[in-house]
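Novice: Quick note on numbering: the numbering used here labels position 45 of the sequence shown as 59, and the sequence is numbered without any gaps. Virtual Cβ for every residue (Gly too), placed ideally from N, Cα, C.
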Amino acid sequence: MIHIITTGGTIEGVDHDPQEDNTHEKIISIEHFFRSANVSFPYSIENVLNKDSRFITDEDRELLVKKIKASDTAKIVLTHGTFTMEDTAKYIGKLNLNKTIVLVGSFVLGSSYGTDAPFNLGYAICSVPFLIPDVYVAMNGTIFNWKNVTKNLETNKFEQL
């Protein structure tokens, strides 16, 4: 069983500032990606947040940690916006939760044509069974350990530190 915890972000079509009226939000569920791929592995989906990751706080991260600890499974995929994905990976990674946790997101809105969301999500899901317990980021066809990842804003890719 893989437990998918969702937080919003670009992968789910969330891209907005809650303090402004410039909302660009067309929510797409992670379940939608699974239905369109006709997957047959056991999974559960839990929506915990619905935020642009620029507005995720340490209190939100603590809530995510509580959900991870409470999960009956040791295999977790955490959807997350890319703006602060590495911050959340480091926050969770430092806790040594003895679970395999893979953070994943997308650079193009999940509700947009040409999005990288389905590829990244599939890549993260496929990696979970083969990774040892720790925290990882799955982006751009690569798995990064939480201790050794950064987002390069010039290339719009994640890379090793």
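1) In angstroms, rounded to a whole number, what distance separates the CA positions of W160 and N52?
2) For A138 and E173, I'd like the C-alpha separation in whole angstroms.
3) Identify whether L92 lies in helix, strand or coil by the three-state DSSP scheme.
4) Could you say which of F97, N112, L145, T102 lies nearest to A84 if we only look at CA atoms?
5) How long is the line joining the alpha carbons of N36 and V28, rounded to whole angstroms?
6) Give the secondary structure of E26 by DSSP, where H, G and I count as helix, E and B as strand, and everything else as coil.
7) Could you tell me the boundaries of the alpha helix (DSSP H) in which I82 lies?
8) Between F55 and A131, how many whole angstroms is the CB-CB distance? I'm expecting something under 8 Å.
9) Could you check whether the stretch 133-150 touches the stretch 59-71, counting it as contact only if at least three pairs of C-beta atoms, one from each stretch, sit closer than 8 Å?
10) Give the DSSP-derived three-state secondary structure of D148 in the structure shown.
11) Per DSSP, K65 is paired with what?
12) Between which residues of its own chain and L175 is the CB-CB distance below 6 Å, once the five residues before and five after are set aside?
13) In the DSSP output, which residue or residues are listed as bridge partners for S58?
Specialist: Answer, in terms of the structure:
1) The residue you call residue 160 lines up with position 146 of the sequence shown. The residue you call residue 52 lines up with position 38 of the sequence shown. When rounded, the separation of the alpha-carbon atoms in W160 and N52 is 30 Å.
2) As a position in the sequence shown, residue 138 is number 124, starting the count at 1. As a position in the sequence shown, residue 173 is number 159, starting the count at 1. Near 16 Å, if we compare the C-alpha coordinates of E173 and A138.
3) What you label residue 92 is simply residue 78 of the sequence shown in a count that begins at 1. Three-state result, L92: strand.
4) Numbered from 1 along the sequence shown, position 70 holds the residue referred to as residue 84. For A84, the closest of F97, N112, L145, T102 by C-alpha to C-alpha distance is N112.
5) By 1-based counting over the sequence shown, the position of residue 36 is 22. By 1-based counting over the sequence shown, the position of residue 28 is 14. Low confidence applies here, because N36 scores a pLDDT of 49, under 50, leaving its location unreliable; read the following figure in that light. Cα to Cα, N36 sits roughly 12 Å from V28.
6) As a position in the sequence shown, residue 26 is number 12, starting the count at 1. Of the three classes helix, strand and coil, the one that applies to E26 here is helix, per DSSP.
7) In the sequence shown, counting from the first residue as 1, residue 82 sits at position 68. Looking at the DSSP string, the run of the alpha helix (DSSP H) that includes I82 is 72-84.
8) The residue you call residue 55 lines up with position 41 of the sequence shown. The residue you call residue 131 lines up with position 117 of the sequence shown. In fact, because the Cβ distance is near 18 Å, the residues do not count as touching under 8 Å.
9) The answer is no - the stretch 59-71 does not touch the stretch 133-150, with fewer than three Cβ pairs under 8 Å.
10) Against the sequence shown, residue 148 aligns to sequence position 134. D148 sits in a strand when the DSSP states are folded into three classes.
11) As a working note, residue 65 is residue 51 in the sequence shown. DSSP lists G22 as partners of K65.
12) By 1-based counting over the sequence shown, the position of residue 175 is 161. Cβ neighbours of L175 within its own chain (closer than 6 Å, five residues either side excluded): N162, T164.
13) To locate residue 58, count along the sequence shown from 1; it is residue 44. Looking at the DSSP assignment, S58 forms a beta bridge with H17.
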